[in-house]
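Notes follow the structure.
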Amino acid sequence: MKTRPIVGRAKAGNRSSLASDEITSPGDAVDQDSVADQDSAVVTIDVAELSAEHADLLARFTGEVGADAVIESGVAGRELVVRIEPAAWVSAALACKTKLGFDYLGFVAGIDWLPTPAAGGDDAEGDTSAPVQPKDMTFGVAGSAGRFQVFARVGSTKVARYGITLKADLKESAPHIDSWFSVYPGADWHERECWEMYGFIFDGHPSLRHLYLPHEFEGFPLRKDFPLLAREVKPWPGLVNVEAMPGVDDEEGGD
Amino acid sequence: MTAFDVDPKLYSPLADSHLNVELDTGDMVLNIGPQHPATHGTFRLVVRLDGERVIKADPVIGYMHRGYEKLTEYRTYPQVTTLINRIDWLSSFANEVPFIAAAEQLMGIEAPPRALYIRTILTEMARISTFLLFLGEMGLQVGAITPAFLGFRDREYPLNLIESATGGRFHPNFNRIGGIKDDLPWGWIAECRNTMRKMLDSCDIFEDLVLGNPIFQARTRGIGIIPAELGAAYGVSGSNIRASGVDWDLRRDGEPLLPYNEIDWKVWTHQDGDSYARYWVRLQETRESARMILHLLDQMPSGPIMAKVPRIIKVPQGETYVAAENPLGEMGYYIISKGATGPFRVKIRTASFSNVSIMPWLLQGIYVPDVITVLASLYFILGDIDK
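Top to bottom, those sequences are chains W and E.
When we follow our numbering, the leftmost residue of the first sequence carries the number 1, and every step to the right adds one.
When we follow our numbering, the leftmost residue of the second sequence carries the number 1, and every step to the right adds one.
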């Protein structure tokens, strides 16, 4: 692939619709200069036209929830993200649903901001397929006070392109937050999933029990300190197959 | 309650129809699944019955949980598309689009128009093949076996087209950050036009054969009604909520990821919200998708299919949420990137998960045979619930 001469360099507008001999493959459509400055890539999302909309939405949200409940806000893609006080989690949902017209529940989920450990542990050898994540702990849009955050998105079925993402910080020692079940009944399963994956406890949830995992499962798999066991016991299977075929070494006294 | 106030010790506990003594119908727990044809996978439903009536339904999911949200943290962006192909395996191509669009948005890359058109065509084709399976299979669940054969037969035509364009029948893995992998093969567009006309005919057959059938209507009308407000609060999306009269389609109302605003099409809704309405809406949407593809083929621009993309995909630090109208509903990805070659966290918002979460409420008070039709009419894919 790499040694093939570049025949299909993208030339805008002068190709017939079915010129299959001039196909641009992903690797070919690259200039060396664009490879050189890939690290300095800048996010060029045009949010200028939406910023007035976001500011208006934020002002209305703050008016309903109260200025002391809103900690920080930001824009993720084209979405307004607001970090609120955990105490205002349910009242914010109620305001969103009844006052601001967000009648639709997108999801409720958690984030663990701890850095992603290396696949297979820090002493893993040869496994270069997994991406190397930064080692320092940084927080995303609207910031965070600590490791754990719960975030949820609500939208509207009545207004086009209208949604808001709420975030709230949770204490690492006691990750408690009130349940949205009374406001959005669909939060039931989302919170059960979030509880079993992160160990966040949603106070007021009718039955916080396992959703995906077996009932006797221990640990919270989506926390960053929960190892990806598949990589611990065996390196990336696409890299090298270290497992012998069954029945090959039966002389050792198998069955 | 008995018809007579008789001491049960003195009276025979057996039913006596002549005396019109009601049977004591105590609770009975019925286990449906984990293997059932209506569930497209391993889905278990524990229902508590009073006679034939459901008192309480508790779906048990997780038999196919593969932990994709964890796995994405150890994969690069191009590797992640392989995983998300397998979330909703009937419409894999439609799954890829919002994820790729989110990564493109974070990187500030725009795919060329021809790539967007091909993405739209293949997304709609995935919708047609997914819905044709539903249209046939829903008939099967009410006892009609002919529609199932027709559905499976007609589904092959769009699947063959997807296969000839992408190389994969169910898991194309065809989207790339910045465009698509290959251009369409020779003769594909002409073949596609013929097939779409065939699909329009096929929809007419389903309309006559299933929708007009009095038995089908008796089994589906007025059963499993989702109120619009409650459905939205549960997060029900896609055709299921449009069948409750909500005029909301992310293809039109969501972010303009694909050039849907360049063609003439219509969002179909039905006011009833029952199983019949869900079938009706999906049938109209199948037809509308075929028409959309014909429009798109007419307007297909020429030009490149890949934007300029760095050789090593590194997504700058940032967060974004991108959702698209999957055949089953709103499929969204909340991506948190820390500037590495792979995502830091991906929250996968799948449609079936929220669509099915209304089931404990929806199944209350309906009869056991209707449980299956309601299940089938909600139309979920287990991989889409279990992630």
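All residues carry an ideal CB built from backbone N, CA and C; glycine is no exception.
Just so it is clear, the structure is predicted and the values come from calculations on it, not from any experiment.
Among all the DSSP beta bridges, which residues are the ones paired with residue 142/E?
As a first step, residue 142/E is located in the second sequence; it is residue number 142 there, counting from the start. In the DSSP output, where bridge partners are listed per residue, residue 142/E has none listed.
As an exercise, report each continuous alpha helix (DSSP H) stretch of at least 4 residues that is fully enclosed by the region 31-80 of chain E, in chain order.
68-71
C-beta atoms of residue 217/E and residue 376/E nearer than 8 Å
The count along the second sequence starts at 1 and reaches residue 217/E at position 217. The count along the second sequence starts at 1 and reaches residue 376/E at position 376. For residue 217/E and residue 376/E, no; Cβs fall outside 8 Å.
Under the three-state DSSP convention, the category residue 231/E falls into:
Here residue 231/E refers to the residue found at position 231 of the second sequence. Three-state DSSP puts residue 231/E in a helix.
Which residues, in order along the region 315-342 of chain E, keep a beta-carbon less than 8 Å from a beta-carbon of chain W?
316, 317, 318, 319, 320, 321, 322, 323, 330, 332, 334, 336, 338, 339, 340, 341 and 342
Taking the alpha carbon of residue 75/W as the reference point, which residue from 194/W, 84/W, 51/W and 90/W has its own alpha carbon closest?
Position 75 of the first sequence, counted from the start, is the residue given in the question as residue 75/W. Checking every option, the nearest Cα to that of residue 75/W belongs to 51/W.
Give me the residue from 361/E, 312/E and 345/E with the minimum Cα distance to residue 107/E.
In the second sequence, the residue the question calls residue 107/E occupies position 107. Selected option, being the one with the closest Cα: 312/E.
Compare the C-beta of residue 357/E against all C-beta atoms of chain B and say whether one is closer than 8 Å.
Of the protein chains in the structure, W and E, none is chain B.
Can a CB atom of chain E be found closer than 8 Å to the CB of residue 186/W?
As a first step, residue 186/W must be located in the first sequence, where it is residue number 186. Yes, contact with chain E.
In the region 245-276 of chain E, which residue ranges form an unbroken beta strand (DSSP E) of at least 3 residues, counting only runs that do not cross its ends?
none
Best match in 347/E, 249/E and 29/E for proximity to residue 159/W [C-alpha to C-alpha]
Residue mapping note: residue 159/W aligns to position 159 of the first sequence, counting from 1. When each option's Cα is compared against that of residue 159/W, the closest is 249/E.
Residues of its chain near residue 319/E, where Cβ-Cβ distance is below 6 Å and the 5 sequence neighbours each way are ignored:
The count along the second sequence starts at 1 and reaches residue 319/E at position 319. If we look at residue 319/E and ignore the five residues flanking it on each side, its Cβ neighbours are 336.
In the DSSP assignment, what are the bridge partners of residue 105/E?
The sequence position of residue 105/E within the second sequence is 105, counting from 1. Per DSSP, none; premise fails for residue 105/E.
Cutoff 8 Å; reference residue 188/W; Cβ partners in own chain excluding five residues on either side
Residue numbering aside, residue 188/W sits at position 188 when the first sequence is read from its first letter. Excluding sequence neighbours, residue 188/W sits near 181, 205 and 206.
Ignoring anything shorter than 3 residues, give me the beta strand (DSSP E) runs that lie fully in the region 192-225 of chain W, in order along the chain.
201-203
Assign residue 314/E to one of three DSSP states: helix, strand, or coil.
For this step, residue 314/E is matched to residue 314 along the second sequence. It is coil, neither helix nor strand.
Determine whether the Cβ of residue 47/W lies closer than 8 Å to any Cβ atom of chain E.
As a working mapping, residue 47/W is identified with position 47 in the first sequence. Confidence is the limiting factor: at residue 47/W the pLDDT is only 43, short of 50, which leaves the residue's position unreliable and the question unanswerable from this model.
From the DSSP output, read off the bridge partner residues of residue 337/E.
Sequence index remark: in the second sequence, residue 337/E carries index 337 (1-based). Per DSSP, 318/E.
Nearest to residue 64/E by CA position, among 94/E, 44/E, 52/E and 253/E, is which residue?
As a working note, residue 64/E is residue 64 in the second sequence. Residue 44/E is the option with its Cα nearest to residue 64/E.
Cα-Cα, which of 58/E, 113/E and 50/E is closest to residue 31/E?
The residue labelled residue 31/E in the question sits at position 31 within the second sequence. Checking every option, the nearest Cα to that of residue 31/E belongs to 58/E.
Cβ of residue 262/E within 8 Å of any chain W Cβ:
Working through the second sequence from its first residue, we reach residue 262/E at position 262. No, residue 262/E lies away from the interface with chain W (no Cβ there is under 8 Å from its Cβ).
Can you check whether the C-beta of residue 258/E is within less than 8 Å of a C-beta belonging to chain W?
Position 258 of the second sequence holds residue 258/E. It does not: the Cβ of residue 258/E has no partner Cβ on chain W nearer than 8 Å.
Take residue 196/E and list the residues in its own chain whose beta-carbon comes closer than 7 Å to its own, dropping the five residues that flank it on each side.
Start at 1 with the first residue of the second sequence, and residue 196/E comes out as number 196. 290, 293 and 294.
How many Å lie between residue 158/E and residue 181/E at the Cα?
By 1-based counting over the second sequence, the position of residue 158/E is 158. By 1-based counting over the second sequence, the position of residue 181/E is 181. Going from the Cα of residue 158/E to the Cα of residue 181/E covers about 19 Å.
Return the residue from the list 175/E, 71/E and 135/E that minimises the CA-CA distance to residue 97/E.
Start at 1 with the first residue of the second sequence, and residue 97/E comes out as number 97. Considering only alpha carbons, the answer is 175/E.
Cut-off 6 Å between Cβ atoms - residues of its own chain near residue 55/E, not counting five sequence neighbours on either side:
Here the question's residue 55/E lines up with position 55 in the second sequence. So the list reads 48, once near-sequence residues are dropped.
Does any C-beta atom of chain W lie closer than 8 Å to the C-beta of residue 67/E?
Numbered from its first residue, the second sequence carries residue 67/E at position 67. Taking Cβ atoms only, chain W reaches closer than 8 Å to residue 67/E, which makes this a yes.
Let me know if residue 99/W comes out buried or exposed under the rule of 16 or more other beta-carbons within 10 Å of its beta-carbon.
Translated into positions along the first sequence, residue 99/W becomes position 99. Residue 99/W should be labelled exposed.
Any C-beta of chain E under 8 Å from that of residue 31/W:
Taking the first sequence and counting its residues from 1, one reaches residue 31/W at position 31. In this predicted model, residue 31/W has a pLDDT of only 41, less than 50, meaning its place in the structure is not dependable; the value taken from the coordinates is given anyway. For residue 31/W, the answer is yes, since a Cβ of chain E falls inside 8 Å of its Cβ.
Cut-off 7 Å between Cβ atoms - residues of its own chain near residue 89/W, not counting five sequence neighbours on either side:
Counted from its first residue, the first sequence places residue 89/W at position 89. Taken in chain order, the residues that qualify are 168, 177 and 178.
Chain-ordered residues of the region 129-152 of chain W with a beta carbon less than 7 Å from chain E
130, 131, 132, 133, 134, 138, 140 and 141
Any Cβ of chain E within less than 8 Å of the Cβ of residue 111/W?
What you label residue 111/W is simply residue 111 of the first sequence in a count that begins at 1. Interface residue, yes.
Selected residue, minimal CA-CA separation from residue 276/E, among 257/E, 215/E, 162/E and 314/E
Sequence index remark: in the second sequence, residue 276/E carries index 276 (1-based). Measuring from the Cα of residue 276/E, the nearest candidate turns out to be 215/E.
Count the other C-beta atoms from every protein chain shown that fall within 10 angstroms of the C-beta of residue 59/W, then say buried if there are 16 or more, exposed otherwise.
Position 59 of the first sequence, counted from the start, is the residue given in the question as residue 59/W. By the 10 Å Cβ count, residue 59/W comes out exposed.
Could you give the C-beta distance for residue 340/E and residue 134/W, rounded to a whole number, given that I count them as a contact under 8 Å?
Reading the second sequence from its first residue, position 340 is the one you call residue 340/E. Reading the first sequence from its first residue, position 134 is the one you call residue 134/W. Confirmed, about 7 Å.
So, with DSSP's three-state summary, where would you put residue 172/W?
Numbered from its first residue, the first sequence carries residue 172/W at position 172. Note: residue 172/W maps to coil in three-state DSSP.
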